[in-house]
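Chains A and B supply the protein sequences, listed in that same order.
Residues in the first sequence are numbered from -15 upward in steps of one, following this note's numbering.
Residues in the second sequence are numbered from 22 upward in steps of one, following this note's numbering.
Think of the CB as a built atom: it goes at the ideal place given N, C-alpha and C, for glycine as much as any other residue.
Given the structure is predicted, the values throughout are model-derived calculations rather than measurements.
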Amino acid sequence: EPEVTQTPSHQVTQMGQEVILRCVPISNHLYFYWYRQILGQKVEFLVSFYNNEISEKSEIFDDQFSVERPDGSNFTLKIRSTKLEDSAMYFCASRDPGQGGEQFFGPGTRLTVL
Amino acid sequence: AQSVTQLDSHVSVSEGTPVLLRCNYSSSYSPSLFWYVQHPNKGLQLLLKYTSAATLVKGINGFEAEFKKSETSFHLTKPSAHMSDAAEYFCVVTSGTYKYIFGTGTRLKVLA
C-alpha cells in the first residue's frame, strides 16, 4: 500500500541553523501539506501546496519557513534560522482530490532545537 | 470558520467496558470529519471518516462514530475497550480549502 515517507525521523540542530525536512508524498497525489505538533499540544496546520505554489498558509508559517517541490517526488519544508520554539514533530501529508478530503500522513520528523 | 472541540482531555475506562470520546464541530457548510489515533511516539493513523454518506461510520479496530448534524457532534465509540486502545485521539474537521483543523485531543487510558 502506498504511503507517505519522511526523513529524517529525528533532527537535532542548534538555534539559528537552517534545517530541511523531507517528505515523499504518495505518487499520484496533487495536494501536499505540512503540520506541526509541539510536544503535548494539538496538531497545527502550517501550509498547503498545490500546482507548485502555496495555496494556503497559517500565521505560524512566517518568512522563516518555505516549502518546495524540487522534483517530481520530494516535498520539503525549510526553516531558515531555527528557534527553540520550532522544536516539534512535523508531519507531512498528501491528498488525492478524488478521495473525499482524506489526507495521508507520514510518520513525522521530530525536530529538536538546542 | 470551522472548528472542533473535544470535550474531554482525558478519559479512563476499564478494559472490556465501552469507550465514548466526544467531539463537537462548527462548520458553515457540510463538513468532512475524521478521527485519528496517535500512539506514543508514533504518527497519525486514520480510524474512520465521514464524508456526507452514511451518518454511522464504522472504522478500524471496532471503532465507530455517528454524525449528528442537529447536535453538531461526531462522537467516537467502541463497545469494548482493549489495552491496545490506550492512545491519543484527535477529531478533525476539514475547512473549505481542505486543510485539517484538529481538536486538542483526548488521551484514552485503559485500566486492567
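Find the nearest neighbour of residue i within the set the options, judged by alpha-carbon distance.
i: A:Ile10; options: A:Leu95, A:Arg79 and A:Ser71; result: A:Arg79
i: A:Leu30; options: A:Pro(-8), A:Arg6 and A:Trp18; result: A:Trp18
i: A:Pro91; options: A:Thr(-9), A:Val97 and A:Tyr15; result: A:Thr(-9)
i: B:Ala133; options: B:Ala102, B:Ile122 and B:Gly117; result: B:Ala102
i: B:Leu67; options: A:Leu95, A:Pro81, A:Ala77 and A:Gly82; result: A:Ala77
i: A:Asn36; options: A:Asp47, A:Ile44 and A:Phe59; result: A:Phe59
i: A:Thr96; options: A:His(-6), A:Val8 and A:Lys41; result: A:His(-6)
i: B:Ser116; options: B:His31, B:Val32, B:Asp29 and B:Tyr50; result: B:Tyr50
i: A:Pro(-14); options: A:Leu98, A:Phe89, A:Arg94 and A:Thr93; result: A:Phe89
i: A:Lys62; options: A:Pro54, A:Met73, A:Asp55 and A:Phe49; result: A:Phe49
i: A:Leu14; options: A:Leu98, A:Ser39 and A:Val27; result: A:Ser39
i: B:Thr118; options: A:Arg6, A:Phe16 and A:Val3; result: A:Phe16
At what residues does the beta strand (DSSP E) containing residue i begin and finish?
i: A:Arg20; result: Tyr15 to Gln21
i: B:Tyr46; result: Cys44 to Ser47
i: A:His(-6); result: His(-6) to Thr(-3)
i: A:Phe75; result: Ala72 to Arg79
i: B:Thr98; result: Ser94 to Lys99
i: B:Tyr110; result: Ala108 to Thr115
i: A:Glu37; result: Glu37 to Lys41
Is the stretch 56 to 64 of chain B close to the stretch 106 to 120 of chain B, with three or more CB pairs under 8 angstroms?
-> yes
Kindly confirm or deny that the stretch 14 to 29 of chain A and the stretch -3 to 4 of chain A touch, where touching means at least three C-beta pairs closer than 8 angstroms.
-> no
Spell out a yes or no on whether the stretch 32 to 45 of chain B and the stretch 88 to 101 of chain B are touching, meaning 3 or more CB-CB pairs, one atom from each, closer than 8 angstroms.
-> Between the stretch 32 to 45 of chain B and the stretch 88 to 101 of chain B, the count of C-beta pairs closer than 8 angstroms reaches three or more; the two stretches touch.
Inter-stretch contact at 8 angstroms, needing at least 3 Cβ pairs: the stretch 25 to 39 of chain B / the stretch 63 to 80 of chain A | no
For the stretch 56 to 88 of chain B, which segments carrying the beta strand (DSSP E) assignment without a break, of at least 3 residues, lie completely within its bounds, in sequence order?
-> Those beta strand (DSSP E) runs which fall completely within the stretch 56 to 88 of chain B and span 3+ residues are 66 to 71 and 77 to 79.
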